[in-house]
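Colleague:
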Ligand SMILES: Nc1ncnc2c1ncn2[C@@H]1O[C@H](COP(=O)(O)OP(=O)(O)O)[C@@H](O)[C@H]1O
Ligand SMILES: [Mg+2]
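In this note's numbering, the protein residues as written are 4 to 266.
1. Going by CA-CA distance only, name the one from 99, 35 and 88 that's closest to residue 65.
2. To the nearest angstrom, how far is the alpha carbon of residue 178 from that of residue 247?
3. What does DSSP give as the partner residues of residue 13 in its beta bridges?
4. Check this for me: beta carbons of residue 103 and residue 135, under 8 Å apart or not?
5. Spell out the partners DSSP gives residue 93 in its beta bridges.
6. Pull the bridge partners of residue 207 from the DSSP assignment, please.
7. Confirm, please, whether the CB-CB distance from residue 148 to residue 25 is below 8 Å.
8. Please report the straight-line C-alpha distance between residue 217 and residue 73, rounded to a whole angstrom.
9. Does at least one heavy atom of ligand 2 sit under 7 Å from the Cβ of residue 145?
10. Rounded to the nearest angstrom, how far is the Cβ of residue 86 from that of residue 92, given a contact under 8 Å?
11. Cutting at 7 Å between CB atoms, please list the residues of its own chain near residue 233, excluding the five before and the five after it.
12. Taking 6 Å as the limit between beta carbons, can you name the residues of its chain near residue 77, skipping five residues before and five after?
13. Going by the C-beta, is residue 207 closer than 7 Å to any heavy atom of ligand 4?
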């Protein structure tokens with residue numbers, strides 16, 4: 004029996020350090036609660052925060068996938084996967100940053116196709132740069148989750164990217180305003196922010212979600228949303244993560260129904 008195609012989601016931003024990697028990991032935990040098979044793809048090719056944050060030893064990486072494919076050695080997608088737990092898998096970034104530059108962006112399309120046919124959800128972590136690799140990725144995925152903060156520089160960059168999205172008719176994105184990165188920065192009201200970026204905010208992660216010892220979780224490879232205390236301690240933000248995940252699954256269903264109607 005062939006399995007139905009999974010949904011691909013890329014986390015993107017206009018600035019670095021806005022919480023893409025942490026959100027990617029936390030969302031994976033939520034999809035696990037929903038009993039979905041998740042693949043995390045570390046497309047932050049030269050820093051690899053995701054590969055570090057899951058803290059599992061790995062051998063094969065995106066580089067091996069592309070290299071093997073290019074040299075007719077590719078056999079099975081699972082050969083490049085590192086298991087985190089029963090629901091979450093990882094496709095790690097290259098071990099040697101020099102390999103990052105050798106990855107031809109033209110293989111990303113193929114990589115995402117393979118990932119979608121093996122998983123319910125494919126979560127892709129990126130950098131904030133609009134390079135060829137990221138442009139291809141943004142174009143290919145089913146949905147873009149745009150992370151932003153209330154930092155002035157971020158707002159300025161966000162405004163430019165939103166206008167590029169408008170010009171190029173990109174509409175498959177949701178914006179997450181993340182107050183947990185700079186809980187003390189509040190120069191701009193929500194009204195100001197929407198006005199500056201000329202876009203709506205779909206979800207907000209509150210400053211309550213600022214976690215002092217977050218590095219401890221990262222270094223231990225623990226996923227916060229899988230901790231027993233998470234739903235009670237971070238009640239509202241847990242609900243937000245859950246809504247992001249449920250909305251993405253719901254939209255997939257709608258999309259598929261439309262497809263079926265067309266057939
Ligand atoms: N909820 C949080 N509480 C405290 N620090 C956070 C939180 N989320 C992210 N951070 C910290 O902010 C920094 C940037 O987060 P990260 O997810 O790496 O951003 P990006 O992937 O967009 O560059 C990291 O040092 C991370 O530990
Ligand atoms: Mg990152």
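Ideal placement from N, C-alpha and C gives every residue a C-beta, glycine not left out.
Modeller: Looking at the coordinates:
1. As a position in the chain shown, residue 65 is number 62, starting the count at 1. Out of 99, 35 and 88, 99 has the C-alpha closest to the C-alpha of residue 65.
2. For the purposes of this step, residue 178 is identified with residue 175 of the chain shown, where counting begins at 1. For the purposes of this step, residue 247 is identified with residue 244 of the chain shown, where counting begins at 1. Roughly 10 Å between the two C-alpha positions.
3. Counting from 1 along the chain shown, the entry for residue 13 is found at position 10. BP columns for residue 13 point to 127 and 147.
4. Along the chain shown, read from residue 1 onward, the residue named residue 103 stands at position 100. Along the chain shown, read from residue 1 onward, the residue named residue 135 stands at position 132. No, the Cβ-Cβ distance between residue 103 and residue 135 is not below 8 Å.
5. Here residue 93 refers to the residue found at position 90 of the chain shown. Beta-bridge pairing links residue 93 to 43 and 85.
6. Residue numbering aside, residue 207 sits at position 204 when the chain shown is read from its first letter. Partner(s): 180.
7. For the purposes of this step, residue 25 is taken as the residue at position 22 of the chain shown. For the purposes of this step, residue 148 is taken as the residue at position 145 of the chain shown. Their beta carbons are not under 8 Å apart, which means residue 25 does not touch residue 148 by this criterion.
8. Position 214 of the chain shown, counting from 1, holds the residue named residue 217. Position 70 of the chain shown, counting from 1, holds the residue named residue 73. Rounded to the nearest whole angstrom, the CA to CA distance from residue 217 to residue 73 is 39 Å.
9. Numbered from 1 along the chain shown, position 142 holds the residue referred to as residue 145. Outside the cutoff, so no.
10. The residue labelled residue 86 in the question sits at position 83 within the chain shown. The residue labelled residue 92 in the question sits at position 89 within the chain shown. Sure, about 6 Å apart at Cβ, within 8 Å.
11. Translated into the one-based positions of the chain shown, residue 233 becomes position 230. Same-chain partners within the cutoff: 227 and 241.
12. Reading the chain shown from its first residue, position 74 is the one you call residue 77. Cβ neighbours of residue 77 beyond the five flanking positions: 71.
13. Ligands in the displayed structure: ligand 1 and ligand 2; ligand 4 is not one of them.
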